[in-house]
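J.: So the sequence lines, in the order shown, correspond to chains A and B.
Going letter by letter, the first sequence gives residues 108 to 383 in this note's numbering.
Going letter by letter, the second sequence gives residues 4 to 230 in this note's numbering.
Even glycine gets a Cβ: it sits at the ideal position worked out from N, Cα and C.
Let me begin by handing over the structure; questions about it come next.
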Amino acid sequence: MKKTILRGAVVGAAASLALAGSPAFAISGTSADLSVLHAIPDTPVDVWVNGELTLDDFAPGDLAGPLDLPAGAYSIVITAPDATDISSPVIGPVDVTLAANTSYTAVAHLTEAGEPSATLFTNDLSTTAPGEGRLTVRHTAAAPAVDILAGGTAVVSGLVNPKEASLDLPVSTVSAAVALAGTTQPVIGPADVPITEGTNTIVYAWGSAEDGNLALAVQTISGLHSSPDGVNTGEAGLAATGGSSPLLALAALVGILAVGATGAALALRRAPSTGR
Amino acid sequence: MAARPVRRGLGLLLVSGSLVALVAWAVTFSGSVSDDEPVRSFRLTPAATASAAPTPRPTAVVDVPVASASLSTLSLPVSTPPARVQIPEIGIDMGVLPVGVKTDGEMEVPDDPSVAGWYRWGSDPRSGAGSTVIAAHVDSLRYGLGPFARLRDLVPGSEITVIGSDGGSHLYRVDGLSAFAKDALPAAELFERSGPSRLVLITCGGTFDETALTYSDNVVVTASPVL
């Protein structure tokens with residue numbers, strides 16, 4: 108009986124079914140991920156972590172990392188690109204504590220008033236629903252409060268420097284723009300932002316409104332996907348190995364015992380081709 | 004004498020100053036002679052000022068990947084959806100459509116059991132990693148019994164071919180056949196997107212609940228690419 112063969116085959120195959128991995132995004136129980144974004148227009152800088160030169164001649168608009176760092180306290184200093192040490196910081200020292208299994212992005216950027224500053228953002232690694240991705244927007248520009256428009260409609264309102272907002276969206280390409288809060292006239296964009304399944308797409312508004320160099324920068328963190336809750340693939344009962352009939356159930360039970368007794372050899376016996 | 008309090012103050016200043024110097028010296032000394040002490044605590048010490056020679060520019064301590072954060076670097080990933088799945092041994096040659104999930108969070112499966120669904124958010128045979136998941140109804144009240152009812156006849160070593168939408172042919176060999184109670188389906192593992200490339204075929208089986216019109220189990224075939 109085919110149905111009993113299946114039962115036996117299950118026993119045999121279960122052990123050989125090598126399945127590994129987990130869908131949850133994990134860094135490590137002892138370390139953190141740190142990325143660094145240079146979002147101050149015009150000037151390359153050096154980035155020092157705990158007094159050690161870590162990024163040399165780091166150019167505006169560039170994203171570095173992620174660095175895998177042991178969880179703990181760090182001191183970040185940003186200097187001019189020709190500095191020989193951290194005695195003349197442009198920004199910092201900024202003291203940060205990085206928690207294990209957490210992703211961070213440190214951004215060197217301008218404040219709303221146009222002063223150099225640095226902000227440590229924590230990246231949202233929570234899982235996304237199947238078919239969705241996450242859009243995170245961060246205001247790191249010398250500009251007042253803004254609205255984020257998707258397809259011409261505000262999806263985030265009144266975002267101020269250095270704050271962020273995020274939303275999960277179905278996979279698509281979003282036409283994103285940045286407008287001054289309460290307006291719909293873009294000061295940045297519109298630009299096409301792909302929302303990828305299981306990915307946090309982080310968009311930074313950076314630069315200076317006064318200097319006319321507002322721009323978008325982007326960072327992606329993938330692997331946040333989840334799997335379907337289940338697979339329901341039948342509704343008629345035509346392929347059932349048992350059912351409400353006690354006789355059928357008994358037949359199936361006897362079959363299971365028979366296969367169990369004869370073992371995997373019978374279970375894995377090549378079934379005749381049914382043809383078509 | 005008027006100078007005394009001043010001198011005392013100066014003395015205190017000198018003492019506290021030398022304490023600082025002493026502590027500083029002790030720290031420096033212990034750091035310079037002991038191999039057991041962590042070096043890290045001395046890295047924040049300013050570079051020697053006595054040296055007349057120009058300090059050489061340090062070089063970066065680690066090689067950090069740096070890339071442009073320009074939006075133009077982004078694009079939606081491109082996949083190569085399977086178009087057909089063929090298992091000559093059990094007479095299966097059926098079309099495959101890309102599917103996602105339903106609103107209830109379950110995988111979408113084409114209504115017609117003679118058409119299979121490929122989980123479009125997962126891997127495809129060209130991804131180079133992870134599971135290509137293809138599911139089909141075992142039966143339907145409207146269409147009757149479907150080809151995947153015969154998956155139970157597969158044995159380890161059986162051959163499965165997946166034809167991609169680009170016409171590419173991908174041959175797999177069955178590793179194993181399993182049944183899982185539906186509420187115990189290891190979906191996270193079966194839909195794994197990293198790790199070795201493989202093919203996962205899913206349908207239903209087990210006992211049938213005539214009230215809920217559902218089967219008790221998922222029947223799962225796993226297969227590895229034949230290189």
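Could you tell me which chain B residues have their CB closer than 8 angstroms to the CB of residue 342/A, listed as they occur along the chain?
T.: Under the 8 angstroms cutoff, chain B gives 140, 142, 143, 144, 216, 217.
J.: What's the call for residue 342/A, buried or exposed, on a 16-neighbour Cβ count within 10 Å?
T.: buried
J.: Give me the DSSP bridge partner(s) of residue 203/A.
T.: 181/A
J.: Would you kindly report the start and end of the unbroken alpha helix (DSSP H) that includes residue 204/B?
T.: No alpha helix (DSSP H) contains residue 204/B, which is instead part of the beta strand (DSSP E) from 201-212.
J.: For residue 318/A, name the three-state secondary structure that DSSP assigns.
T.: Here residue 318/A sits in coil by DSSP.
J.: From residue 256/A to residue 213/A, what does the alpha carbon distance come to, in whole angstroms?
T.: 25 angstroms
J.: Using a Cβ-Cβ cut-off of 8 angstroms, state whether residue 197/A counts as contacting chain B.
T.: no
J.: Are the CB atoms of residue 251/A and residue 288/A within a distance shorter than 8 angstroms?
T.: When the beta-carbon positions are compared, residue 288/A and residue 251/A come within less than 8 angstroms of each other.
J.: By the 9 angstroms beta-carbon criterion, what residues does the segment 165-199 of chain A contribute toward chain B?
T.: Listed in sequence order: 165, 166, 168, 169, 170, 171, 172, 173, 174, 182, 189, 190, 191, 192, 193, 194.
J.: I want to check one thing, is the minimum distance from the CB of residue 240/A to the heavy atoms of the ligand SAH below 7 angstroms?
T.: Of the ligands one can find in the structure shown there are none, so the ligand SAH has no counterpart to examine.
J.: With a threshold of 8 angstroms, are at least 3 pairs of Cβ atoms found where one atom belongs to the segment 137-155 of chain B and the other to the segment 326-345 of chain A?
T.: yes
J.: Helix, strand or coil for residue 115/B per DSSP?
T.: Secondary structure at residue 115/B: coil, using DSSP grouped into helix, strand and coil.
J.: Beta-carbon within less than 8 angstroms of residue 169/A's beta-carbon, same chain only, minus the 5 sequence neighbours each way: which residues are those?
T.: 144, 145
J.: From which residue to which residue does the alpha helix (DSSP H) around residue 191/B run?
T.: 190-193
J.: With C-beta atoms as the reference, is residue 141/A less than 8 angstroms away from residue 179/A?
T.: no
J.: Please report the residue range of the beta strand (DSSP E) in which residue 161/A lies.
T.: DSSP places residue 161/A inside the beta strand (DSSP E), whose first and last residues are 159-165.
J.: Measuring straight from C-alpha to C-alpha, what distance separates residue 295/A and residue 110/B?
T.: 38 angstroms
J.: What residues in the segment 93-114 of chain B have a beta carbon less than 9 angstroms from any beta carbon of chain A?
T.: 93, 94, 95, 96, 103, 104, 105, 107, 108, 109, 110, 111, 112
J.: Name the residue from 305/A, 316/A, 291/A, 152/A whose alpha carbon lies nearest to the alpha carbon of residue 264/A.
T.: 291/A
J.: With 8 angstroms as the threshold, decide whether the Cβ of residue 332/A is near any Cβ in chain B.
T.: yes
J.: Chain B partners of residue 219/A, CB-CB under 7 angstroms?
T.: Those do not exist, as residue 219/A stays about 21 angstroms from chain B at its closest Cβ, beyond 7 angstroms.
J.: Taking the alpha-carbon of residue 138/A as reference, which of 174/A, 224/A, 155/A has the nearest alpha-carbon?
T.: 174/A
J.: Does any residue of chain A have a CB that is nearer than 8 angstroms to the CB of residue 126/B?
T.: Closer than 8 angstroms: no.
J.: Here's a check: name, in chain order, each residue in its chain whose Cβ is nearer than 6 angstroms to the Cβ of residue 229/B, leaving out the five neighbours to either side.
T.: 174, 176
J.: Reducing DSSP to helix, strand and coil, say where residue 153/B ends up.
T.: helix
J.: Are any of the Cβ atoms in chain A nearer than 8 angstroms to that of residue 83/B?
T.: No, no contact with chain A.
J.: Excluding sequence positions up to five away, which residues of its chain have a Cβ less than 8 angstroms from the Cβ of residue 172/B?
T.: In chain order, 164, 165, 166 place their CB closer than 8 angstroms to the CB of residue 172/B, counting only its own chain and leaving out the 5 sequence neighbours on each side.
J.: Does any CB atom of chain A fall closer than 8 angstroms to the CB of residue 162/B?
T.: no
J.: Quick check: what's the CA-CA separation for residue 224/B versus residue 105/B?
T.: Between the alpha carbons of residue 224/B and residue 105/B lies a distance of about 23 angstroms.
J.: Could you tell me the distance, in whole angstroms, from the CA atom of residue 299/A to the CA atom of residue 160/A?
T.: 36 angstroms
J.: Check whether the segment 180-195 of chain B and the segment 153-162 of chain B are in contact - that is, three or more C-beta pairs closer than 8 angstroms.
T.: yes
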